[in-house]
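Notes follow the structure.
2 protein chains.
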Amino acid sequence: MAGRREWTRETLGAGVRSGDRRALARAITLVENADPLAYDLVRDLYPETGRTFAVGITGPPGVGKSTLISALVRPIRERGLTVGVISVDPSSPFSHGALLGDRIRLADHFLDPGVFIRSMGTRGHLGGLAEATLQALLILDAGGKDIVFLETVGTGQSEVEIIDVADTVLLVLMPGSGDSVQALKAGIMEIPDVIAVNKKEHPAAKTMLNEVRSILALDLESDRRPPIVLTEAVTGEGVSELWDEIAGHRDYLVSNGLLDERRRRNLASEVFAVASARAKAHLERTVANDPELRRLLDEVQRRELDPLTAVRAIMIQVFRIDEDGNGTDPH
Amino acid sequence: MAGRREWTRETLGAGVRSGDRRALARAITLVENADPLAYDLVRDLYPETGRTFAVGITGPPGVGKSTLISALVRPIRERGLTVGVISVDPSSPFSHGALLGDRIRLADHFLDPGVFIRSMGTRGHLGGLAEATLQALLILDAGGKDIVFLETVGTGQSEVEIIDVADTVLLVLMPGSGDSVQALKAGIMEIPDVIAVNKKEHPAAKTMLNEVRSILALDLESDRRPPIVLTEAVTGEGVSELWDEIAGHRDYLVSNGLLDERRRRNLASEVFAVASARAKAHLERTVANDPELRRLLDEVQRRELDPLTAVRAIMIQVFRIDEDGNGTDPH
Numbered sequence: 001m002a003g004r005r006e007w008t009r010e011t012l013g014a015g016v017r018s019g020d021r022r023a024l025a026r027a028i029t030l031v032e033n034a035d036p037l038a039y040d041l042v043r044d045l046y047p048e049t050g051r052t053f054a055v056g057i058t059g060p061p062g063v064g065k066s067t068l069i070s071a072l073v074r075p076i077r078e079r080g081l082t083v084g085v086i087s088v089d090p091s092s093p094f095s096h097g098a099l100l101g102d103r104i105r106l107a108d109h110f111l112d113p114g115v116f117i118r119s120m121g122t123r124g125h126l127g128g129l130a131e132a133t134l135q136a137l138l139i140l141d142a143g144g145k146d147i148v149f150l151e152t153v154g155t156g157q158s159e160v161e162i163i164d165v166a167d168t169v170l171l172v173l174m175p176g177s178g179d180s181v182q183a184l185k186a187g188i189m190e191i192p193d194v195i196a197v198n199k200k201e202h203p204a205a206k207t208m209l210n211e212v213r214s215i216l217a218l219d220l221e222s223d224r225r226p227p228i229v230l231t232e233a234v235t236g237e238g239v240s241e242l243w244d245e246i247a248g249h250r251d252y253l254v255s256n257g258l259l260d261e262r263r264r265r266n267l268a269s270e271v272f273a274v275a276s277a278r279a280k281a282h283l284e285r286t287v288a289n290d291p292e293l294r295r296l297l298d299e300v301q302r303r304e305l306d307p308l309t310a311v312r313a314i315m316i317q318v319f320r321i322d323e324d325g326n327g328t329d330p331h
Numbered sequence: 332m333a334g335r336r337e338w339t340r341e342t343l344g345a346g347v348r349s350g351d352r353r354a355l356a357r358a359i360t361l362v363e364n365a366d367p368l369a370y371d372l373v374r375d376l377y378p379e380t381g382r383t384f385a386v387g388i389t390g391p392p393g394v395g396k397s398t399l400i401s402a403l404v405r406p407i408r409e410r411g412l413t414v415g416v417i418s419v420d421p422s423s424p425f426s427h428g429a430l431l432g433d434r435i436r437l438a439d440h441f442l443d444p445g446v447f448i449r450s451m452g453t454r455g456h457l458g459g460l461a462e463a464t465l466q467a468l469l470i471l472d473a474g475g476k477d478i479v480f481l482e483t484v485g486t487g488q489s490e491v492e493i494i495d496v497a498d499t500v501l502l503v504l505m506p507g508s509g510d511s512v513q514a515l516k517a518g519i520m521e522i523p524d525v526i527a528v529n530k531k532e533h534p535a536a537k538t539m540l541n542e543v544r545s546i547l548a549l550d551l552e553s554d555r556r557p558p559i560v561l562t563e564a565v566t567g568e569g570v571s572e573l574w575d576e577i578a579g580h581r582d583y584l585v586s587n588g589l590l591d592e593r594r595r596r597n598l599a600s601e602v603f604a605v606a607s608a609r610a611k612a613h614l615e616r617t618v619a620n621d622p623e624l625r626r627l628l629d630e631v632q633r634r635e636l637d638p639l640t641a642v643r644a645i646m647i648q649v650f651r652i653d654e655d656g657n658g659t660d661p662h
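Here the protein sequences line up with chains A and U, keeping their order. Just so we're aligned: 207 in this note's numbering is position 207 of the first sequence, and the numbers increase by one with no gaps anywhere. Quick note: to get this note's numbering, add 331 to the position in the second sequence (first position is 1).
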């Protein structure tokens, strides 16, 4: 097998296509580093993608998302399917070597060639997490993984751009997740496709389930109400049922002709998210390197120039667009 | 007094400067509507701003932020200070006529000429909520309000750009805010300047306080640990003490020479946030109106063109910047 320095666009492409673990790992590292080779690679692979079932898993930290993903791997593997996991949750055990207990629980998966687990960081990545996650998903898709889990952290809206690429979104809560329940109730948090209330052994688990159920019952518009499953990720209780509900959502999408529509929408919103992130990065870099623009900020800070006038000047200077959104001639 | 159609840049400016309630209301409506007059007005007023103490109040929905703000108004008014409230929380009672109880509680404040309360929406606003909130704050600042509260909702990072303009950030939690506590613990949520644990009559309030306290104790780096105050907003218990802690944070900033530094940083990050929001709005509008760019998205959706190549084409077309962030000639 090729060593880490010997990968070319061709050998790496072939390695990814064959599902080779080292090729997948290398390709995702290149994505994290925004290496030009990653761009070429995904470009080559893209026409072959779209076969993976992408499952986004979100929820506040500490509810057991990683443990639940580990537990979900079992019923999926029993059905003969292969699995990829991309964690973009900095608080996830997948991202740390610290949690030995979880490591041990995950150990058999790490040895299973049908399972690929990877946590991602994107420090300084131009297109941000949305871009890196999308590219990594496409690599695992081309690598033949039947299911890819995307783990993100969040109790509100900020993780939206990452999770937006998923076919099915699972929200994980636990007893004590009062803030998330309130956020669902207030319409601040988007309604997911499936909900798991984890730590079902907790005395308040059923109360939480009923609370969430009554909130969902208020939504009279949508024709599908998200199923809620009580789970205990550590022991695996309820996990097989949870998988059935996740797979059931995919069946629902397919049989109602909604999967293509959702993927079209997802891809468009990903392209916007990535372009926006790049525009923001470009903006910050340009201002940092341009003494004239930095002087504008100084004037704002001395209350000599109002913030919106500074913004207008920056928009023209950096993006060459004026107040009405028209292009202007470059300086 | 001038009617709503008769305001000019001059009369509106004079009205705002004198703290006239109708002028303030009209000016903020113009901000919401992104009216060019609002831009001119804030530009005129900006050199006179910077006197207000801006207090950001954030926290999950349902913890009682609005009621707490109402309660805080009393000790502030007793000290002879004037107050503005800008709510950008769509789930806030300030934003709805629905919660009659809160309305009644607020009624005396609504009649007090030293108090100005306003909720804001920004549907379709080019620069987003960050821009509108900043402008509204500057108007109340020029209008002579000694204290301005900015109410936002959130349990994570998404409200950051709005709250970033505040001198002091208060996080409101309540018993059951387990997700927020976990988010603080995991470093997902930024440490605020002051914390209120509201609904102190709840049996679990003290447990929550101790939990938060032990998390904050883990932070050995910062030289100031945020005070945590138990409050009962409905009865006003602990509210005067909470105000002392908020004012105390301002004193801390001033006496350590940190206020100017924080405001410099805040203003710079606001300018970036507004410019980014405008860039994103420009991007979406341009793609929507450009058949060629829409065709690119179609190709992505048919898996003929990979997403990043589409992003590159869009960046050049919309912002005239290439992969390396260099400007290109306009088409």
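The C-beta atom is built at its ideal place from N, Cα and C for all residues, glycine as well. Given the structure is predicted, the values throughout are model-derived calculations rather than measurements.
In this structure, valine 197(A) and isoleucine 228(A) form a Cβ contact; the two beta carbons are roughly 6 Å apart against a cut-off of 8 Å. Closest in C-alpha terms to glutamate 190(A), from the list Glu161(A), Ala205(A), Leu308(A), comes Glu161(A). When 7 Å is used as the limit between beta carbons, phenylalanine 272(A) is near these residues of chain U: Leu614, Glu615, in chain order. When C-alpha distances from lysine 199(A) are compared across Ala14(A), Gly238(A), Pro226(A), the shortest belongs to Gly238(A).
Taking 8 Å as the threshold, the shortest C-beta distance from phenylalanine 319(A) to chain U falls below it. Taking 8 Å as the cut-off, the Cβ atoms of aspartate 524(U) and histidine 580(U) count as close. Comparing alpha carbon positions, the residue from Val394(U), Gln466(U), Thr342(U), Pro391(U) closest to threonine 360(U) is Gln466(U). DSSP places isoleucine 321(A) in the strand class (E or B) of the three-state scheme.
Of the residues assessed, glutamate 245(A) falls on the buried side of the cut-off, its CB having 16 or more other CB atoms within 10 angstroms.
Contact annotation for isoleucine 314(A) against chain U: Val602, Ala606 [CB-CB distance below 8 Å, chain order]. For the region 42–67 of chain A, residues whose beta-carbon sits nearer than 7 Å to a beta-carbon of chain U comprise Val42, Arg43, Tyr46, Pro47, Thr49, Gly50, Pro60, Pro61, Gly62. Within the region 188–216 of chain A, contact with chain U at the beta-carbon level (separation under 8 Å) is assigned to Ile188. Cβ-Cβ distances below 7 Å link leucine 540(U) to Val528, Ile559, Leu561 in the same chain, with the five nearest sequence neighbours on each side left out; the list follows chain order.
Cβ atoms of asparagine 597(U) and valine 496(U) come within 8 Å of each other, at about 5 Å.
Excluding residues up to 5 positions away in sequence, Ser240, Trp243 lie with their Cβ nearer than 6 Å to the Cβ of proline 75(A) in the same chain. Residue environment analysis places glutamate 304(A) among the exposed positions, since fewer than 16 neighbouring C-beta atoms fall within 10 angstroms of its C-beta. Residues of the region 504–518 of chain U whose Cβ lies closer than 9 Å to any Cβ of chain A, in chain order: Leu504, Met505, Pro506, Gly507, Ser508, Gly509, Asp510, Ser511, Val512, Gln513, Ala514, Lys516, Ala517, Gly518.
Given a length threshold of 3 residues, the region 260–313 of chain A has no whole run of the beta strand (DSSP E) inside it. Under DSSP, glycine 387(U) forms a beta bridge with Leu481(U), Val500(U). Straight through space, the alpha carbons of serine 418(U) and serine 600(U) are spaced by roughly 20 Å.
For isoleucine 28(A), the enclosing alpha helix (DSSP H) has its first and last residue at 21–32. In the three-state reduction of the DSSP assignment, valine 63(A) falls in the coil class.
Note that the C-beta distance between glutamate 379(U) and glycine 452(U) is not below 8 Å.
The C-beta of proline 291(A) comes no closer than 8 Å to any C-beta of chain U. At a C-beta separation below 9 Å, alanine 136(A) has no neighbours in chain U, since its nearest C-beta there lies roughly 12 Å away.
Under DSSP, leucine 561(U) takes part in a beta bridge, and its partners are Val528(U). The beta-carbon distance between threonine 52(A) and valine 115(A), rounded to whole angstroms, is 14 Å. This is too long to meet the 8 Å contact definition. Listed in chain order, the non-local C-beta contacts of leucine 259(A) below 8 Å within the same chain comprise Asp167, Arg250, Leu253, local neighbours out to five positions each way being set aside. Straight-line spacing of the CA atoms in valine 172(A) and threonine 483(U) works out to 24 Å. Contact with chain U is absent for threonine 231(A), since none of that chain's Cβ atoms lies less than 8 Å from the residue's Cβ.
Counting C-beta pairs with one atom in each stretch, the region 77–91 of chain A and the region 171–188 of chain A have fewer than three that are closer than 8 Å, which means they do not touch.
If the five residues before and after proline 392(U) are omitted, its C-beta is found closer than 6 Å to the C-beta atoms of Ser422, Val484, all from its own chain and listed in chain order. Listed by position along chain U, the residues whose Cβ is nearer than 9 Å to that of proline 307(A) are Val373, Tyr377, Glu462, Leu465, Gln466, Leu469, Leu598, Glu601, Val602, Val605. In the three-state DSSP reduction, isoleucine 86(A) falls in the strand class (E or B). The beta carbon of arginine 348(U) sits closer than 8 Å to the beta carbons of Leu376, Glu379, Ala473, Gly474, Gly475 from its chain, once the five residues preceding and following it are set aside; these are given in chain order.
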